[in-house]
Amino acid sequence: MYKSKFESIGAYTPEKIVTNEELLTGKDASILLALDTAGIKKRRWRAQSEDSVKIAITAAGNCLKNSSYKASDLEVVIYSSITRFHGGLKHHLEPAISLLAKNRLGAHSAINLDITNACAGMLTGAYILDNMIRSGSVRNGMVISGECITPISETALKEIKDRHDDQLASLTVGDAGAAFILDRSDDENECIEFINFTTIAAFAKHCIGVPSNRNPGPAMYTKTKELYIESFKRLPVFLKTVLEKNNKSQMDDYDFNIYHQTSPKVIELFRQHLKYYFNWEPRGVIVNVDEYGNTASTSHFVALHNAIKEKKIPRGSRVLFYSAASGLVLGLLSAKIGSLGVRDGAN
16 MYKSKFESIG
26 AYTPEKIVTN
36 EELLTGKDAS
46 ILLALDTAGI
56 KKRRWRAQSE
66 DSVKIAITAA
76 GNCLKNSSYK
86 ASDLEVVIYS
96 SITRFHGGLK
106 HHLEPAISLL
116 AKNRLGAHSA
126 INLDITNACA
136 GMLTGAYILD
146 NMIRSGSVRN
156 GMVISGECIT
166 PISETALKEI
176 KDRHDDQLAS
186 LTVGDAGAAF
196 ILDRSDDENE
206 CIEFINFTTI
216 AAFAKHCIGV
226 PSNRNPGPAM
236 YTKTKELYIE
246 SFKRLPVFLK
256 TVLEKNNKSQ
266 MDDYDFNIYH
276 QTSPKVIELF
286 RQHLKYYFNW
296 EPRGVIVNVD
306 EYGNTASTSH
316 FVALHNAIKE
326 KKIPRGSRVL
336 FYSAASGLVL
346 GLLSAKIGSL
356 GVRDGAN
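Residue numbering for the sequence shown follows this note's numbering, beginning at 16 and increasing consecutively.
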């Protein structure tokens, strides 16, 4: 059986930066205090001309600049975001966004598919593509996501009352795109070691995205405390089970840990939780949510991309990605990072 590896990565974040103070002008002071306490400082905000498709394709183009492949070499293109805005803030279903993306990139002969799995979308795309490569069905492919998610912030700003409102988490998000290419690996020191997922659908009600019933546009309603309690309760058990299943009982073998970028406060609480549960200090915890906001399905890979661009993750590093997405979707991706790089002029 073959193994896959991360061959290249790209990202795109809009130029516009919005601070908490700018976002919450005229709002209840308790809301600003809640965001500041959580460690969110600012987020990236789309330009008027940008939507999910444009953000995704820009990230994919940047990925190709960092790759040895041309678009025409790609055998698979997977689109994996929550948001599906195309032609402005119009929710797009057909034709598949992966079809639009592959044709615009020039990957005309690639297999294409769209998936959605909340904030675990890109990790799920990696899971699907990794299995295709392992089976020998394909040799390479690209996973892309374009999160144009700040429209839920715009809805929340019209409707939120105070820091206890279920739309508070909608004010923590930021827009971003990410893309990566996986291809076949012949090197045990540069490969995806395993990817495992489980879904506990009983907790799907803790975070839902629906059209607002009060204003035009999308809304997200989150029982934040309940969602984190259930995640914290179950993720350590899942982590222990998966590591043992894959003969990776030494968790301190990992050089870097990348959690879903929800807030610095939550990431720190989870780090402490793992330390208490396992008597183990997670090393190299990557955090950039304070500067970019929660960028939904792209968050792990925006964090990875920026860390590589800043040369924080050297060749040969072992990285563990954690998913705790709404659903409740728990997931782990273990990878040995090889010669990933971000070239001059490419994001």
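Where is the CB? At the ideal position from N, CA and C, for every residue including glycine.
As the structure is a computational prediction, the values presented were derived from the model and not from experiment.
Does the beta-carbon distance from residue i to residue j come in below 7 Å?
i: Ala111; j: Asp88; result: no
i: Ala26; j: Ala86; result: no
i: Thr313; j: Ser160; result: yes
i: Lys18; j: Cys206; result: yes
i: Leu250; j: Ala141; result: no
i: Arg59; j: Tyr307; result: yes
i: Asn321; j: Asn303; result: yes
i: Thr213; j: Leu345; result: yes
i: His221; j: Leu254; result: no
i: Glu90; j: Asn155; result: yes
i: Leu186; j: Ser200; result: no
i: Tyr236; j: Ile223; result: yes
i: Leu114; j: Leu348; result: no
i: Ala311; j: Glu174; result: no
i: Ile143; j: Ala116; result: no
i: Tyr269; j: Leu335; result: yes
i: Ile282; j: His315; result: no
i: Val357; j: Asn127; result: no
How many angstroms separate the CA atom of residue i from the CA atom of residue j?
i: Leu172; j: Glu203; result: 49 Å
i: Ser354; j: Glu22; result: 8 Å
i: Thr239; j: Ala191; result: 22 Å
i: Ile352; j: Ser45; result: 42 Å
i: Pro329; j: Ile323; result: 8 Å
i: Gly232; j: His106; result: 10 Å
i: Pro166; j: Leu39; result: 15 Å
i: Arg333; j: Ser227; result: 42 Å
i: Ile70; j: Gly189; result: 12 Å
i: Leu104; j: Arg119; result: 20 Å
i: His179; j: Val317; result: 29 Å
i: His275; j: Leu289; result: 15 Å
i: Thr131; j: Ser341; result: 12 Å
i: Lys248; j: Ser83; result: 42 Å
i: Ile164; j: Asn294; result: 37 Å
i: Ala216; j: Lys42; result: 35 Å
i: Ala234; j: Pro297; result: 34 Å
i: Leu197; j: Val225; result: 33 Å
i: Ala133; j: Ala184; result: 15 Å
Among all the DSSP beta bridges, which residues are the ones paired with residue i?
i: Thr213; result: Leu345
i: Trp295; result: DSSP, once it has assigned bridges, lists no residue as partnering Trp295.
i: Ile223; result: Tyr236
i: Tyr27; result: Gly192
i: Val91; result: Ile126
i: Gly161; result: Gly192
i: His106; result: Phe100
Return the Cβ separation of residue i and residue j in integer angstroms, given the expectation that the two are a contact with Cβ distance under 8 Å.
i: Val92; j: Ala125; result: 5 Å
i: Lys280; j: Ala53; result: 5 Å
i: Ile24; j: Phe271; result: Contact doesn't hold; Cβ gap of about 14 Å is too wide.
i: Ile55; j: Asn35; result: 7 Å
i: Thr170; j: Asn230; result: 6 Å
If you measure from the beta carbon of residue i to each beta carbon in chain D, is any gap under 7 Å?
i: Ser45; result: Chain labels in this structure do not include chain D; a single protein chain is all it has.
- Query: Counting Cβ pairs closer than 8 Å, one from the stretch 63-71 and one from the stretch 87-103, do we hit at least three?
  - Reply: yes
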